[in-house]
Amino acid sequence: MDIVEKHRAKCTKCGLCLEVCPRYNDLDLLDRLYGYLDGSSDIDAESLLRCLTCGLCTDACPEELGIKVLISPARQKWVSENGLSDRQTMADPEAENNLFKKIAEMDETPVYRKSSGSVVYFPGCAGTYINKIMAQAAVALLEKAAIDYTVLSGVEYCCGAVSAGAGDMGPIRRNGPRNVEEIRKRGAKTLITACPGCFKAFKDLYPRMFGKLDFEVMHVSQYFELLIREGKLAPMTVLKHRVFYHDPCHLTRGMGVHREARGVLESIEGTELANKTPENSACCGFGGGVRVNYPSESLVVASDRYRAARELGCDIIVTNCGGCMQNLIEAGKEVTEAGKEEKIKIFDLAEYLSLACGIEIEREDSRMLELVNRAYRLCISGYEKSKGL
Ligand code: SF4
Ligand code: SF4
Numbered sequence: 078m079d080i081v082e083k084h085r086a087k088c089t090k091c092g093l094c095l096e097v098c099p100r101y102n103d104l105d106l107l108d109r110l111y112g113y114l115d116g117s118s119d120i121d122a123e124s125l126l127r128c129l130t131c132g133l134c135t136d137a138c139p140e141e142l143g144i145k146v147l148i149s150p151a152r153q154k155w156v157s158e159n160g161l162s163d164r165q166t167m168a169d170p171e172a173e174n175n176l177f178k179k180i181a182e183m184d185e186t187p188v189y190r191k192s193s194g195s196v197v198y199f200p201g202c203a204g205t206y207i208n209k210i211m212a213q214a215a216v217a218l219l220e221k222a223a224i225d226y227t228v229l230s231g232v233e234y235c236c237g238a239v240s241a242g243a244g245d246m247g248p249i250r251r252n253g254p255r256n257v258e259e260i261r262k263r264g265a266k267t268l269i270t271a272c273p274g275c276f277k278a279f280k281d282l283y284p285r286m287f288g289k290l291d292f293e294v295m296h297v298s299q300y301f302e303l304l305i306r307e308g309k310l311a312p313m314t315v316l317k318h319r320v321f322y323h324d325p326c327h328l329t330r331g332m333g334v335h336r337e338a339r340g341v342l343e344s345i346e347g348t349e350l351a352n353k354t355p356e357n358s359a360c361c362g363f364g365g366g367v368r369v370n371y372p373s374e375s376l377v378v379a380s381d382r383y384r385a386a387r388e389l390g391c392d393i394i395v396t397n398c399g400g401c402m403q404n405l406i407e408a409g410k411e412v413t414e415a416g417k418e419e420k421i422k423i424f425d426l427a428e429y430l431s432l433a434c435g436i437e438i439e440r441e442d443s444r445m446l447e448l449v450n451r452a453y454r455l456c457i458s459g460y461e462k463s464k465g466l
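Position in the sequence shown counted from 1, then plus 77, gives you the working numbering.
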């Protein structure tokens, strides 16, 4: 049974998916998606582009369906029929207006010298070009734990997950086998990824598309939690903070990984975790192309998360994803009165753990935001970010 038949047969139109969805409010969308996918009617691009791919609808659906399961194939159909917009090609490593190539032209990228090791760290495009602090912190922790590691990075190795989410399967088909070969050549037994999107690509999509991998795939939160349990990392510095852990959608809902990051935070003396489970977790507003297609709406969603942390009395938000980190930092600046300092600081998990392990890494939030927004403007015609929330 294909997805449209299955959805039509099982969906009771109860509307529970819409109750949790930050982006849609009209159940007719389901009929429009059925019609577009079975070829009986057309659909407008807006109906497809608004989805964050956050998976909240699928989690809420008693039939485990939701809206996203129809949006994904509909986006692929749309791209095959209508081609790619400049907002979509900017995630394609081979496109002229690739976002990360533009950033690499404007800013230095880290150089990693060691070319082999039993553990490969994959910083992904975000860790290499935008949220470099994620990669700096992770590499510093691997050094501290004396791990035999190497780093695989560079725009040519984009995992392809972002493009796939937008309906363009080209980059993942081209880069998947190439990535797997590069990791094999380095003799790796374990691959650890910075971003949840890369994690989903390697752990879930690549094996389904290209066959079983001969190395283990872990997210950094899982790997660092393991290193702490094995005694290879010892967070000794007391960090007195009330912390809100922001669950990245593609990690928590997409891959079911949420305990390990919390385990890392709870191992740090002085740190009090405000949300011990992913209950009530929600999207940061970045994913599914929404950050580039609807910048100000994306930041409204992120601001809700920032306020949720504030209501719980937190002074730090820790997250585990380049997109979440970027959006939450930007939302913090948007909701803070001009001239005042943000009340809540946003940290990547590896960065926070580094501090607890006595490693200081310089933060460059404002510079990072300036750089990435400049790159958006160069890559996307008519890009404008409204300040109005
Ligand atoms: S929650 Fe599930 S069953 Fe209910 S309307 Fe949404 S997709 Fe249909
Ligand atoms: S994935 Fe998220 S944004 Fe997309 S339809 Fe589901 S709840 Fe809404």
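Backbone N, C-alpha and C define an ideal beta-carbon position, used for all residues, glycine too. In this text, all values refer to a predicted model and were calculated from it rather than measured experimentally.
Counting along the chain, Glu388 sits inside the alpha helix (DSSP H) bounded by residues 372–388. Between Ile260 and Leu229, the C-beta gap is smaller than 8 Å, which places the two residues in contact. When only Cα atoms are considered, Val297 and Ala238 end up about 17 Å apart. Tyr226 is bridged by DSSP to Val196. Rounded to the nearest angstrom, the Cβ distance from Arg127 to Tyr101 is 6 Å, consistent with a contact under 8 Å. When the Cα atoms are used, Gly247 and Gln165 turn out to be separated by approximately 11 Å. Proximity of the beta carbon of Tyr283 to ligand 2 is not indicated: no heavy atom of the ligand is located closer than 7 Å. Put simply, the region 129–136 touches the region 325–337. At least three CB pairs are less than 8 Å apart.
Of the other Cβ atoms in all chains shown, fewer than 16 fall within 10 Å of the Cβ of Pro139; this residue is therefore exposed.
Listed as beta-bridge partners of Ile394 by DSSP are Phe321, Ile423.
Taking a contact as a CB-CB distance under 8 Å, the pair Arg152 and Leu125 counts as one, their CB atoms being some 5 Å apart. Not one heavy atom of ligand 1 falls within 7 Å of the beta-carbon of Lys83. Remark: fewer than three beta-carbon pairs, one from each stretch, lie closer than 8 Å, so the region 343–356 and the region 410–428 are not flagged as touching. Arg330 is classed as buried because its beta carbon has at least 16 other beta carbons within 10 Å across all chains shown. At the C-beta level, Ala222 and Leu142 stay beyond 8 Å of one another. Ile148 has its Cβ nearer than 7 Å to a heavy atom of ligand 2.
The DSSP-derived three-state label of Leu147 is helix. In the three-state scheme derived from DSSP, where H, G and I count as helix and E and B as strand, Val188 is classed as coil.
Under the three-state reduction of DSSP, Met445 is assigned to helix.
Annotated three-state conformation of Ile269 is strand, per DSSP. Assigned with DSSP and collapsed to three states, Glu349 falls in strand.
Under the Cβ criterion (8 Å, minimum of three pairs), the region 202–215 counts as touching the region 426–445.
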